[in-house]
Structure formats: C-alpha cells, structure tokens
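Residue numbers (our numbering): 69 to 154.
Working notes, structure below.
The structure is reproduced here in structure tokens:
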C-alpha cells in the first residue's frame, strides 16, 4: 500500500489489487475506478487532521492509560482497563 493518503494514489493501488485478484470485465474497470475515487475523495474531504490530545510517551503509566483521542485516563489492573471499549 502506498505511503500517501492522496485519493488518486490510493484509488490506483486499491483497484489494481482488486483487479489482480478478481475477474472484472474491461468495460467495468472505468466505472470501478470512478466509484472508488469518488468514495475516497469524499472521505478525504471530511477527514480532519488528527493530533493526539497528549504526548504518546505520556499516554502509558503504571497506574493508567491515557486515551489519545480525548486524554481520558483509564485505570488499569494487569491486563484489564476499566472504561475501555472496543
């Protein structure tokens, strides 16, 4: 997968991987490219720049984990953290 998040580059990588593993009629490739590019462009337009609420090094201590999205402290005991949802 490419290291960029540009919709055009991602579209090329996704569609080429899909076409390599699946039978796609030649007359459907253009439609597939347009649909994937449209979806990725829409996602990219709505995507805010994400920055952690706390420094990553400060997010884990012996007493708690700090959630990066909102800096909420989650109390932990061994491998169980209270308040963690998947």
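Glycine included, every Cβ here is placed at the ideal spot set by N, Cα and C.
Keep in mind the model is a prediction, meaning the values are calculated, not measured.
(request) Name, in chain order, the residues that DSSP records as bridge partners for residue 134. (result) Beta-bridge pairing links residue 134 to 141.
(message) I want to know whether the stretch 74–94 touches the stretch 117–129 - three or more CB-CB distances under 8 Å.
(response) no
(message) Just to confirm before moving on: does the CB-CB distance between residue 79 and residue 111 stay below 9 Å?
(response) no
(request) Helix, strand or coil for residue 103, going by three-state DSSP, please let me know. (result) Here residue 103 sits in helix by DSSP.
(message) By DSSP's criteria, residue 128 is part of a beta bridge. Which residues make up the other side?
(response) Residue 128 pairs with 133.
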